[in-house]
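J.: Encoded as structure tokens, here's the structure I'll be asking about.
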Amino acid sequence: MAAPRESVSLLFKLYCLAVMTLMAAAYTIALRYTRTSDKELYFSTTAVCITEVIKLLLSVGILAKETGSLGRFKASLTENVLGSPKELMKLSVPSLVYAVQNNMAFLALSNLDAAVYQVTYQLKIPCTALCTVLMLNRTLSKLQWISVFMLCGGVTLVQWKPAQATKIVVEQNPLLGFGAIAIAVLCSGFAVLASVGGLYTSVVVKYTDNIMKGFSAAAAIVLSTIASVMLFGLQITLTFALGTLLVCVSIYLYGLPRQDTTSIQQGETASKERVIGV
0 MAAPRESVSL
10 LFKLYCLAVM
20 TLMAAAYTIA
30 LRYTRTSDKE
40 LYFSTTAVCI
50 TEVIKLLLSV
60 GILAKETGSL
70 GRFKASLTEN
80 VLGSPKELMK
90 LSVPSLVYAV
100 QNNMAFLALS
110 NLDAAVYQVT
120 YQLKIPCTAL
130 CTVLMLNRTL
140 SKLQWISVFM
150 LCGGVTLVQW
160 KPAQATKIVV
170 EQNPLLGFGA
180 IAIAVLCSGF
190 AVLASVGGLY
200 TSVVVKYTDN
210 IMKGFSAAAA
220 IVLSTIASVM
230 LFGLQITLTF
240 ALGTLLVCVS
250 IYLYGLPRQD
260 TTSIQQGETA
270 SKERVIGV
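Residue numbering for the sequence shown follows numbering that gives the first Met the number 0, starting at 0 and increasing by one per position.
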């Protein structure tokens, strides 16, 4: 039986979603801006390393606050890190996946506009869905399968005639950018996490529902598109607009709660038994 969701105020839920949406959009726009500058580029590996260091410091800080004392903090680290070498080795696998995924994000945003990247990167949803079906033997509802195919169709439209940014003067390779996104999407099939945004995502998962998270993802796409038009001179095409709309709708549909059929099936069984008894 799943643990009950903690009750929090609507204002706090909106705060969490607003911060996650703004961070998702700002992360993409800022990364795109720095990767298309005419100045000397920084090493993406260095940025990824700094990101992980920030994530580590934040996680340690949260753990220290939760434990409440230096003694319990040390005991927790000893038990869960030093005292669990096998579990620590298992964590090295997703850590490697994260590193590849984040580096591919830098490569993709060096060759694709932020809005195109934001929409295409939503392929992580069907990729994750397939991983859960194939690796965890879970099932998807008909509506979720429909939303998965709708999302793939939307991304296809976006990539069919990609929107062009008129204010970007650096040389780009869209095919290389799409390939980088493909690798990042495959990595996100195992895990989706990005620095502080990942920590906020965990908060949203704890205190909100899939519908609100879907709304946040769609809002981040819209914000990235608006910022791309203003900062990079993105020219919106009809196929891009239709594809983006399909992706946003599919995200919402995929996050809709599945109908609990247990009580319905039990009611039908009881009715049949009564009929037979009569």
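All residues carry an ideal CB built from backbone N, CA and C; glycine is no exception.
Give the secondary structure of Gln117 by DSSP, where H, G and I count as helix, E and B as strand, and everything else as coil.
T.: In the structure shown, Gln117 sits in a helix (DSSP, three-state: H, G or I).
J.: In terms of residue numbering, what span does the alpha helix (DSSP H) encompassing Pro125 cover?
T.: Run containing Pro125: 123-135, per the alpha helix (DSSP H) assignment.
J.: If you reduce the DSSP assignment to three classes, tell me which class Lys38 lands in.
T.: Coil at Lys38, not helix or strand.
J.: Who are the Cβ neighbours of Phe72 in its own chain at under 6 Å, not counting the five residues just before and after it?
T.: Once the five neighbours on either side are set aside, the close Cβ partners of Phe72 are Ala63, Thr66.
J.: Could you say which of Ile180, Val80, Lys85, Ser227 lies nearest to Leu106 if we only look at CA atoms?
T.: Looking at the Cα atoms, Ile180 is the closest of the given residues.
J.: Here's the rule: buried if 16 or more other CB atoms are within 10 angstroms of the residue's CB, otherwise exposed. What is Phe148?
T.: Label assigned to Phe148: exposed.
J.: Would the region 150-157 and the region 69-86 be scored as touching if the rule is three or more Cβ pairs under 8 Å?
T.: Verdict: no, contact absent.
J.: Identify whether Asn172 lies in helix, strand or coil by the three-state DSSP scheme.
T.: DSSP places Asn172 in coil when its eight states are reduced to three.
J.: Quick one: give me the first and last residue of the alpha helix (DSSP H) that Thr50 is part of.
T.: Element bounds for Thr50: 43-66.
J.: Can you tell me the Cα-Cα spacing of Met19 and Tyr32, whole angstroms?
T.: Roughly 20 Å separates the two Cα atoms.
J.: Quick check on Pro125: buried or exposed, where buried means 16 or more other Cβ atoms within 10 Å of its Cβ?
T.: Pro125 is buried by the Cβ-count criterion.
J.: In whole angstroms, what is the alpha-carbon distance linking Ala36 and Leu139?
T.: Looking at the sequence shown, residue 36 is not Ala but Ser. Between Ser36 and Leu139, the C-alpha separation is close to 43 Å.
J.: Closest to Phe231 by CA distance: which of Ala17, Tyr14, Leu95, Ala29 is it?
T.: If we check each option's Cα against that of Phe231, Ala29 comes out closest.
J.: For a cutoff of 7 Å on Cβ pairs, would you count Ala104 as touching chain D?
T.: Here there is only one protein chain, and chain D is not present.
J.: Taking DSSP as the reference, what is the three-state secondary structure of Gly82?
T.: Looking at Gly82 - three-state DSSP - the assignment turns out to be coil, as it is neither helix nor strand.
J.: What residues in its chain sit with their C-beta under 7 Å from that of Leu76, if we drop five residues either side in the sequence?
T.: Correct list: empty, nothing qualifies.
J.: What three-state label does DSSP hand Thr155 in the structure shown?
T.: If DSSP states are grouped into helix, strand and coil, Thr155 belongs with the helices.
J.: Measure how close the beta-carbons of Ser8 and Ala114 come, nearest whole angstrom, since I'm counting them as under 8 Å.
T.: That pair is no contact at about 33 Å.
J.: For Gln121, which of Met134, Ala23, Leu135 has the nearest alpha-carbon?
T.: Nearest of Met134, Ala23, Leu135 to Gln121, Cα basis: Ala23.
J.: Once DSSP output is grouped into helix, strand and coil, what is the label at Leu278?
T.: Residue numbering for the chain in the displayed model covers 0 to 277; residue 278 lies beyond these limits and cannot be assessed.
J.: Hey, how far is the Cα of Leu192 from the Cα of Thr236?
T.: Note that Leu192 scores a pLDDT of 43, beneath 50, so its modelled location is shaky; the value from the coordinates is reported in the next line. Leu192 and Thr236: Cα-Cα distance of roughly 31 Å.
J.: Assuming Gly176 contacts Leu233 under a Cβ cut-off of 8 Å, what Cβ separation, rounded to an integer in Å, is found between them?
T.: Gly176 to Leu233, Cβ: 15 Å. No contact.
J.: Taking just the CA atoms, how far does Ile145 sit from Ser68?
T.: Approximately 50 Å, taken between the alpha carbons.
J.: Put Pro93 into one of helix, strand or coil per three-state DSSP.
T.: Looking at Pro93 - three-state DSSP - the assignment turns out to be helix.
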